[in-house]
Structure formats: structure tokens, C-alpha cells
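Participant:
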Amino acid sequence: MDILIVGAGVGGLALANGLVTDGHQVRVFERADAPRTDGAAVTIFSNGAAAAAGLGVSLDDLGAAIDTLGFFDADGRAFAHADMTLLRRWTGYRVATIPRASLLRRLAAGLPAETINYGRQVHTVETAGSGAAVVTADGVREEAALVVGADGVRSAVRRALLGSAEPTFNGWVSWQGLTVAMPELAAGAYARCVVGEAGLCGLMPAGGGLVQWWFDVDGPVPAGRPVIGWLRERFASYADPVRKLLDVLTEADVHAFRHAVHQIPSAWGAGCATLLGDAAHAFPPSQAQGANQALEDAWTLRRALSAFPVPDALRRYERVRARRVRRISSLAASEVTNKPPTSAGRLAAHLISPAMFTRLQLITIKRCSSVLNHDRL
Ligand SMILES: Cc1cc2nc3c(=O)[nH]c(=O)nc-3n(C[C@H](O)[C@H](O)[C@H](O)COP(=O)(O)OP(=O)(O)OC[C@H]3O[C@@H](n4cnc5c(N)ncnc54)[C@H](O)[C@@H]3O)c2cc1C
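In this note's numbering, the protein residues as written are 2 to 378.
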């Protein structure tokens, strides 16, 4: 089939890999003029790594493996640990923090040279008859047997297919960056989340001496304030390494992301067009599953297309994925991990072993995973 994917992000490029392998003619239209190098890093859990491997792309050597994830209170006391090496043992795939630029480079590397078309912004999609077509921002109409909108949280394809289905913003903001700050944190495989009344600070090694850090905060920066100065004040009572990190950051290091949430209908396409990744189901990054779910979508859509004709394959894919993604979306939208645990929660966390805590993580991941459950279409 002649398949047109809108968006050369994580999901669009992952899907292109699977479809090219299956012998389809694939074009990816990306509005940016060049491969993306921003966007800090993302944590790829075992489900995302398994999906990428199933699409023919190994992520095994990218970024930094995370072997332990520790949760601390603002005073620096640990209250829970997850042993991520167990996730690797149970699923066969590691957990790693990977700079987005490296991930996109890897996903693009195996594609034929003419596959990705940069500088092509899609304005809308038409789905009448057999097949579909996109109209680009400069008015050119391009037909295909199938169009996949993998164009992110403010998807033009979603707007065309689902009408005014814009995301809502729940008030939380991630202030994040990927820098060479703090070599003692960059080395090794230990990631930490520090949570208190001011919000959550996450610190993860990302490979090559880089640290992925972020501050999840409920509410905007007071108008006219420099962000880092405001974060220093807000997180002043947090122990090291949070304070130490804030001491070395500059305004140029930090970028803001407002937490967006989509309603996820059971059918998110029409005719020979569908959606994938954030375009279908943006949700807050607090469960670190957005990119993983985009990879899961790509894995599932490729399987659906190899077993069923279009458009039936698309509706089957949407149904399977909608059921899985809704679970992680509502958990992420609750921002539960960004709030200090209740005393009962703290006690429970103290009482369970790292292995049990990791087992709970596996349950959470499996609930939203099509690849780890081999979902039937
Ligand atoms: C602060 C933050 C931290 C995160 N951390 C994690 C994490 O640790 N783990 C995780 O799994 N996820 C994480 N995520 C979520 C993750 O980044 C997204 O869910 C993931 O990138 C979605 O992939 P996608 O392919 O759907 O969209 P994107 O990666 O956003 O790609 C969309 C692409 O479409 C292009 N595009 C947009 N509009 C058009 C158009 N009209 N025409 C053509 N091209 C277009 C864009 O330029 C872009 O290249 C995080 C997100 C944020 C904001």
C-alpha cells in the first residue's frame, strides 16, 4: 500500500520502520525543516523497548539504562525503591532514559533515504471514497491508500477527523532540561524522584554525561519572574541533590511543557485515516508513558494492517489501543506521583520490598501494554 504518515516523531518513525519492512511504500511528511534535536530525554520502559524491537529497531545501546528508581521526600529520606533490573528480567527489555534526538536518529536510520519529507506541513485530511488525501499548508493535495496522523498533541489530522477535539490542560507544568550538570548523577544507573509539597523533581542519567531533570509543578510561574529563580525559591526546602542542581542551572537550560489531556474515543479515525501517539491520546508525562504508548500504537497498527484489510484494520487497532491507553491516561492525569504520599501510602511503601514495588510497576505497565500482552485484534 501507499501509506502517508504525518509527523516524523517517535510514533510516526517507529511505524514507518515496520511498514517499510512489510513492503509498503511509505512517505512521512514532517513540518520541521530538519530532524528534531530538542525535547530533552524520554524514559523508554520495557513495553516501549519491546514494541520498538518488534518493529525492527533495537534501542539496547542508547541513553543510560536505569537499574534503580528511588523515591525520596523533600528532606532526602528514601521511602521506596524499584529494582528495574527485575523489569528487564521479567520482560526481556531494559528501562532506559534516552535523549529524544538520539531516539529519533535511531528510528530514522534504517529508513530508505526518500521516506522522510521535511518541511511538509499538513493542513488537513480528506477521507471520502477509497483511500485518503492530505492537503499541505502550501495547498498541495497528496493522495494515499492510508493516512496516519502521528502529528503530536496539536494534531491537524485529529482536528480534521474528530472535529474540535482539542486537549484540555490540567494546570500542571513540567520545567525540564537535559544538561551536563552534576557528573555524580550522570554516571551510573540510579534515577531518583524527589516529591514534596512544592512538587516533584526528577533526576535521571541519560548517557554521555547528561542528566535529564525536571520539576513538575501545579500552576504557572508568577508573571515576570525568571523561572530558575522562582524554582530555587519554591524548592528551597528540598535537600540535595535538588538544591545543588538548582544552583548550577541557568535560564537557558529550562523549557516548559503544560500537561495536556485528550478525551480518548473508541474510534479515533474515519475511513482510510487514523491517528497514532499524542495525536490520538496526549496525557501528562507523570507516568513517563507517552512515547512508550506511541511505540505500542505503531506495533499494534502494523500488526492490524498485516492481518486485516483497510479500513477494518484501522478500527480494530483503535479499539484495542483505546482500551489500553485510557488506563494510563487517567492515572497520568491524576498526577498522583507528583504529590507527596499520604502517611498510609508512606507506610505501605516502607513495608513492601523493592521486588514487590517493582511488581506493582510491572502490573501498571502491563495494564496499558498491547505488546506485553500480545493483544488479539
Ligand atoms: C516534559 C515531557 C516529558 C516526557 N517524558 C516522557 C518519558 O519519560 N517517557 C515517555 O514515554 N514519554 C514522555 N513524554 C511524552 C512523549 O514525549 C510524547 O508522548 C511522544 O513524543 C509522542 O510521540 P508522537 O510521535 O505521538 O508525537 P511527537 O513526538 O510530538 O511527534 C509529532 C511530530 O509531528 C510533527 N508535526 C506536528 N504537526 C504537523 C503537521 N501539521 N504536519 C506535519 N508534521 C507535523 C511535529 O513536528 C513532530 O515531529 C514526555 C513529554 C513531555 C512534554
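Just so it is clear, CB atoms sit at the ideal spot from N, CA and C, and this is done for glycine as well.
In terms of residues, what are the limits of the alpha helix (DSSP H) holding W269?
Facilitator: Against the sequence shown, residue 269 aligns to sequence position 268. Segment: none, W269 is in no alpha helix (DSSP H) and carries neither H nor E.
Participant: Give the secondary structure of L276 by DSSP, where H, G and I count as helix, E and B as strand, and everything else as coil.
Facilitator: Here the question's residue 276 lines up with position 275 in the sequence shown. Reduced to three states, the DSSP call for L276 is strand.
Participant: With V123 and V7 assumed to form a contact (beta carbons below 8 Å), what rounded beta-carbon distance in angstroms separates them?
Facilitator: In the sequence shown, residue 123 corresponds to position 122, counting from 1. In the sequence shown, residue 7 corresponds to position 6, counting from 1. Right, the Cβ-Cβ distance comes to about 5 Å (below 8 Å), so this counts as a contact.
Participant: Please state whether the Cβ-Cβ distance between V218 and I117 is less than 8 Å.
Facilitator: Translated into the one-based positions of the sequence shown, residue 218 becomes position 217. Translated into the one-based positions of the sequence shown, residue 117 becomes position 116. No, Cβ-Cβ distance for V218 and I117 is not below 8 Å.
Participant: Buried or exposed for E185, going by 16 or more other Cβ atoms inside 10 Å?
Facilitator: By 1-based counting over the sequence shown, the position of residue 185 is 184. That one is exposed.
Participant: Should D279 be listed as close to ligand 1, given that the test is whether its C-beta is under 7 Å from any heavy atom?
Facilitator: Here residue 279 corresponds to residue number 278 of the sequence shown, with the count starting at 1. A heavy atom of ligand 1 is found nearer than 7 Å to the CB of D279.
Participant: From R368 to A187, what distance separates their C-alpha atoms?
Facilitator: Taking the first residue of the sequence shown as position 1, residue 368 is located at position 367. Taking the first residue of the sequence shown as position 1, residue 187 is located at position 186. Distance between the alpha carbons of R368 and A187 is about 31 Å.
Participant: Hey, could you find the ends of the beta strand (DSSP E) L332 is sitting in?
Facilitator: Looking up residue 332 in the sequence shown gives position 331. Counted as a single uninterrupted DSSP element, the stretch harbouring L332 is not any beta strand (DSSP E) but the alpha helix (DSSP H) occupying residues D313 to S335.
Participant: Between the beta-carbon of L162 and the beta-carbon of L14, is there less than 8 Å?
Facilitator: The sequence position of residue 162 within the sequence shown is 161, counting from 1. The sequence position of residue 14 within the sequence shown is 13, counting from 1. Not in contact: L162 and L14 (Cβ atoms no closer than 8 Å).
Participant: How many Å lie between T169 and E252 at the Cα?
Facilitator: Sequence index remark: in the sequence shown, residue 169 carries index 168 (1-based). Sequence index remark: in the sequence shown, residue 252 carries index 251 (1-based). C-alpha separation (whole angstroms): 27 Å.
Participant: Compute the Euclidean distance between the alpha carbons of G386 and F258, then round it to the nearest angstrom.
Facilitator: Here the chain has residues from 2 to 378 only, and residue 386 is not among them.
Participant: Is there contact here, the region 272 to 291 with the region 59 to 74, by at least three beta-carbon pairs under 8 Å?
Facilitator: no
Participant: When you measure from the CB of Q290 to every non-hydrogen atom of ligand 1, does any distance come out below 7 Å?
Facilitator: Position 289 of the sequence shown holds residue 290. At least one heavy atom of ligand 1 is nearer than 7 Å to the Cβ of Q290, so yes.
Participant: Can you list, in chain order, the stretches of the alpha helix (DSSP H) that have 4 or more residues and sit fully within the region 194 to 274?
Facilitator: 228 to 235 and 243 to 249
Participant: Quick check: is any heavy atom of ligand 1 less than 7 Å from the C-beta of N293?
Facilitator: Here the question's residue 293 lines up with position 292 in the sequence shown. Yes, the beta carbon of N293 sits closer than 7 Å to at least one heavy atom of ligand 1.
Participant: In angstroms, rounded to a whole number, what distance separates the CA positions of A157 and A9?
Facilitator: Residue 157 sits at position 156 when you count from the first residue of the sequence shown. Residue 9 sits at position 8 when you count from the first residue of the sequence shown. Computed Cα separation, rounded: 14 Å.
Participant: Since T98 and Q213 are thought to touch, with beta carbons under 8 Å apart, how far apart are those beta carbons, to the nearest angstrom?
Facilitator: Within the sequence shown, numbered from 1, the residue matching residue 98 stands at position 97. Within the sequence shown, numbered from 1, the residue matching residue 213 stands at position 212. Sure, about 5 Å apart at Cβ, within 8 Å.
Participant: Does DSSP put L112 in a helix, in a strand, or in coil?
Facilitator: For the purposes of this step, residue 112 is identified with residue 111 of the sequence shown, where counting begins at 1. It is coil, neither helix nor strand.
Participant: Comparing the CB of T365 with every heavy atom of ligand 1, is any distance shorter than 7 Å?
Facilitator: Reading the sequence shown from its first residue, position 364 is the one you call residue 365. No, the beta carbon of T365 sits no closer than 7 Å to any heavy atom of ligand 1.
Participant: Assign D34 to one of three DSSP states: helix, strand, or coil.
Facilitator: As a working note, residue 34 is residue 33 in the sequence shown. Three-state result, D34: coil.
Participant: Just the Cα atoms here: how many angstroms apart are A224 and S371?
Facilitator: For the purposes of this step, residue 224 is taken as the residue at position 223 of the sequence shown. For the purposes of this step, residue 371 is taken as the residue at position 370 of the sequence shown. Looking at the backbone, the Cα of A224 and that of S371 are separated by about 43 Å.
Participant: Return yes when the C-beta of D152 is under 7 Å from any heavy atom of ligand 1, and no when it is not.
Facilitator: The count along the sequence shown starts at 1 and reaches residue 152 at position 151. Annotation for D152 indicates a beta carbon within 7 Å of some heavy atom of ligand 1.
Participant: At what residues does the alpha helix (DSSP H) containing N48 begin and finish?
Facilitator: Translated into positions along the sequence shown, residue 48 becomes position 47. Unbroken alpha helix (DSSP H) run through N48: S47 to G55.
Participant: Is DSSP giving N374 helix, strand or coil here?
Facilitator: Stepping through the sequence shown from its first residue, residue 374 is reached at position 373. Reduced to three states, the DSSP call for N374 is coil.
Participant: Note the first and the last residue of the continuous alpha helix (DSSP H) segment covering V11.
Facilitator: Mapped onto the sequence shown, residue 11 falls at position 10. Where V11 is concerned, the enclosing alpha helix (DSSP H) stretches over V11 to T22.
Participant: Strictly by DSSP, which residues pair up with G150?
Facilitator: On the sequence shown, residue 150 is found 149 positions in, with the first residue counted as 1. The secondary-structure analysis by DSSP pairs G150 across a beta bridge with V7 and L276.
Participant: Under a three-way DSSP split, which group does I366 fall into?
Facilitator: Reading the sequence shown from its first residue, position 365 is the one you call residue 366. Residue state, collapsed to three classes: helix.
Participant: Nearer than 7 Å: is that true of the beta carbon of V262 relative to any heavy atom of ligand 1?
Facilitator: For the purposes of this step, residue 262 is identified with residue 261 of the sequence shown, where counting begins at 1. No, since every heavy atom of ligand 1 falls outside the 7 Å radius drawn around the Cβ of V262.
Participant: Classify T44: buried if its beta carbon has 16 or more other beta carbons within 10 angstroms, exposed otherwise.
Facilitator: Looking up residue 44 in the sequence shown gives position 43. With 16 or more Cβ atoms within 10 Å of its Cβ, T44 is classed as buried.
Participant: Compute the Euclidean distance between the alpha carbons of G197 and P312, then round it to the nearest angstrom.
Facilitator: To locate residue 197, count along the sequence shown from 1; it is residue 196. To locate residue 312, count along the sequence shown from 1; it is residue 311. Those two C-alpha atoms are separated by around 48 Å.
Participant: With 16 other CB atoms within 10 Å as the buried threshold, where does L352 fall?
Facilitator: Within the sequence shown, residue 352 is the residue found at index 351, counting from 1. By the 10 Å Cβ count, L352 comes out exposed.
Participant: Where do the N-terminal and C-terminal ends of the alpha helix (DSSP H) with H351 fall, by residue?
Facilitator: Within the sequence shown, numbered from 1, the residue matching residue 351 stands at position 350. Here the alpha helix (DSSP H) through H351 covers S344 to L352.
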